[in-house]
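In our numbering, the protein residues as written are 235 to 1132.
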């Protein structure tokens, strides 16, 4: 029990910084967030009504006390369709065939016209009395696509573009200490585009983006439809107030958009020169003399300047280390990505004062680090460096939630899963969005690099209004540039740039590298995107375009079937089994990932399934094999091989935008699949791995630290759990190194058709620090046009595996608004306990989501014990009995009530 306690304690300590979803750093406590009760954090009652059905004029609508009894409740932040579904005007688009355009269940913007989805959103609020004699600001973080902002009967702003952040001075129109009305008339995108296939695009490939006209707007391009989600898109193109609106007050001077630029002294990185800039604004009708002061907290670094501003003037004030030597920081605490060091953060506080009184203030965090890249590689592929050290990119492609049903809880869960998986870079794909401040805050804390693209793709046209596009770029760069996690700027996905974009980005920032599009400057084109025979990863034939396990691959991946519980949330039972190909394909981008064909065939290589329960269980094995083989092949190839060089992979794709049968490491419901835990294993920083093509064992080290006199061991067990092979080897492994093909596993000629491999890595004191478990068949690989081979076929005899028995002990506790389950699982039988799964269930026997398991879908040798920590937020705990379910491939399911 003492050992269990120490393991649990270490897990809790190591993840304690992740509890930030309850204390959102970026939410300024001095601001009043006007979010709705159904939205993120707020408690304001928003109402909405179709603009064409409102008989009164805007001046009347935006007066306090206006009657909205005939209006429906609205979700803010949210979209028109969000609220219409919430009010049951239309059914859930993600279920069954509800969203299919030809079913005419939910009207499409391109068909019914912009007026149909043009809506008034309205709320009332009281401005605190302490705002009296101050300047009152309304902050608008994001509206899609155009909007009129009316306050107390006055039109005070017009917004255009999805990614503009704006500030409105409402002082002269505000009622201090009384009711105020805010009415926002929201218009859809100017050109919604259609799902009609365009004639142009990559030869022989699906032409995404419909007719391409969605690109004429500066918006979330994938809302028109893409091959990884619903082909016919989101019906309202995500029209609405999709980010927060807030209220705050200042005095006669305002500061915004601070920027901290770090320059590290090379090669020792022992000193950092910090240049600080901030915009100072005079919103009054007379000149103002003010003092702008800054402090890097905890570092005894302070600086200030006086400035005189004309009425209405905005000026950028710059503090340089030449003027203020204290901005030269000796021995700075550097920010590092995951596994490379601590993601150290600093905090900058700034104030502007008038006549000795603080008029406005802001806080921002930043990190001191240097991120560069070059093409000084044998094949000119792009290589990234952090603080002067080469980093092998093990990245992924982030896809936003399809209907912008974002929440801080969802963001936290997806990024916590990301960190757990071992991913070190997230690409914000160009057909998506610019994510929230909270998203980047968590990436900063977790050590996750971010590659940001700017809403252009080769599948769509470029914006008609280029100045509007550039204004959206400027607003986004100013919002994000202080985040140390932000590593790279790219204008587009597989396209070109808007004229002036590079110059604008470099002027606003200049501390990150830039490239025009995702497939140039040493980043080659991607693929495959769908299911292939996992053996093809090893022989590098997974893409018909040619070699892909080299250079820098921006898109390469494979799907995973969701768990049984979430499959039942996607469609009716009659469509789940027998598999209704039409419905399954609809939830697979039109069958793009081959879930109802090739994936099904691979599942059936474990024996023909007789039920959806059996199929879902076997489907997890295929998904786990997909993930582990891909990542381990990339581990193997991260060294220089003459004229070949492998510098990075971005898995395609990361998170599900809608409910899908083609999930990844977790599905839309935030229920992890086996792929999360098998990716986590493949990407552990010290890892022993097996090559299914060569039958060899390799060891990879992702740390910037070497390890000597370690031991790698391989054991092979047959289907009856009898050990048939064992070999070990002492190794020294350098920092960021791979030792390939250390030895070959010799499989006995009479071994059972299916067998198991366990690799272990022990330190110089022979303490096991990592292990990997594989299942393998004797099937002969007959080439890429087949579904044969030891990863892919010949697994039918697994169904005859002898039953194993496990002993489960657990205890629960609540701490810091988290609910913890500490579990000990021991295999008490002489048989391997294969593919063991734990599930934390609520009173309805539904998985508690999101819940975080330190491991799952694992296998235990006879006598082996594993410690697991499960935790979730107390807010997800329902009344009634909770239970812990334990099951496995050859383990009878048992439920323990708590």
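Built from N, CA and C at the ideal position, the CB exists for glycine as well.
Less than 9 Å between the C-beta atoms of residue 526 and residue 584, yes or no? yes
Mind reading off the beta-carbon distance from residue 871 to residue 936? Whole number of angstroms is fine, and I expect it under 8 Å. With 8 Å as the limit, residue 871 and residue 936 do not qualify as a contact, their Cβ atoms being about 14 Å apart.
Nearest-angstrom Cα separation, counted from residue 333 out to residue 623: 48 Å
Measure the C-alpha to C-alpha separation of residue 808 and residue 814 and round it to an integer number of angstroms. 8 Å
With a cut-off of 9 Å, does the C-beta of residue 693 fall near any C-beta of chain B? Chain labels in this structure do not include chain B; a single protein chain is all it has.
Which partner residues does residue 401 have in the DSSP bridge list? 373
Pair every Cβ in the segment 981-993 with every Cβ in the segment 960-971, then say whether three or more of these pairs are closer than 8 Å. no
Would you call residue 769 buried or exposed, if buried means 16 or more other Cβ atoms sit within 10 Å of its Cβ? buried
Of the residues 973, 271 and 862, which one's Cα is nearest the Cα of residue 1008? 862
Nearest-angstrom Cα distance between residue 765 and residue 1019? 12 Å
Cβ-based burial, residue 1048 [other Cβ within 10 Å; buried from 16]: exposed
Do the CB positions of residue 614 and residue 760 come within less than 9 Å of each other? no
Determine the DSSP secondary structure at residue 267, reduced to helix, strand or coil. strand
Evaluate the contact criterion for the segment 886-902 versus the segment 790-801: three or more CB pairs, one atom per stretch, below 8 Å. yes
Kindly indicate the opening and closing residues of the beta strand (DSSP E) around residue 354. 353-360
Among the residues of its own chain, which have a CB less than 6 Å from the CB of residue 908, if the five just before and after it don't count? 854, 857, 858 and 1091
Could you check what DSSP says for residue 853 in three-state terms: helix, strand or coil? helix
Quick check: residue 1117 and residue 1075, are their CB atoms within less than 9 Å of each other? yes
Could you check whether the segment 466-480 touches the segment 625-644, counting it as contact only if at least three pairs of C-beta atoms, one from each stretch, sit closer than 8 Å? yes
What residue range is occupied by the uninterrupted alpha helix (DSSP H) comprising residue 1049? Premise fails: residue 1049 lies in the beta strand (DSSP E), 1040-1049, not in any alpha helix (DSSP H).
Any beta strand (DSSP E) of 3 or more consecutive residues that is wholly inside the segment 475-527: 479-484, 488-498 and 505-515
Output yes or no for whether 9 Å exceeds the beta carbon distance between residue 1036 and residue 953. yes
Work out the CA separation of residue 844 and residue 248 for me, nearest whole Å. Because the pLDDT of residue 248 is 37, which lies under 50, any placement of that residue in the model is unreliable, and the question is left without a value.
Between residue 1134 and residue 599, what straight-line distance do the alpha-carbon atoms span, to the nearest angstrom? Any answer about residue 1134 is impossible in this case: the structure gives the chain only from 235 up to 1132.
Can the beta-carbon of residue 657 be found less than 9 Å from the beta-carbon of residue 920? no
Using 8 Å for Cβ pairs, my map puts residue 536 next to residue 543. What's the rounded Cβ distance? Residue 536 to residue 543, Cβ: 22 Å. No contact.
Coarse secondary structure for residue 626, derived from DSSP in three states: coil
Taking the runs of the beta strand (DSSP E) that are 3 residues or longer, which of them lie wholly in the segment 1061-1128? 1067-1075, 1092-1094, 1099-1107 and 1117-1122
Given a cut-off of 9 Å, decide if residue 1107 and residue 648 are closer than it, judged by their beta-carbon atoms. no
Closest Cα partner of residue 958 within the set 336, 984, 502 and 938: 984
Taking three-plus beta-carbon pairs below 8 Å as touching, is the segment 413-426 in contact with the segment 351-364? yes
CB residue 314 to CB residue 327, shorter than 9 Å? no
In terms of residue numbering, what span does the beta strand (DSSP E) encompassing residue 1003 cover? 1002-1011
If you follow the alpha helix (DSSP H) that residue 1135 is in, where does it begin and where does it stop? Because the chain spans 235 through 1132 in this model, residue 1135 falls outside it and cannot be assessed.
What would DSSP say about residue 197, mapped onto helix, strand or coil? Only positions 235 to 1132 of the chain appear in this structure, which leaves residue 197 out of reach.
Return the Cβ separation of residue 480 and residue 268 in integer angstroms, given the expectation that the two are a contact with Cβ distance under 8 Å. 6 Å
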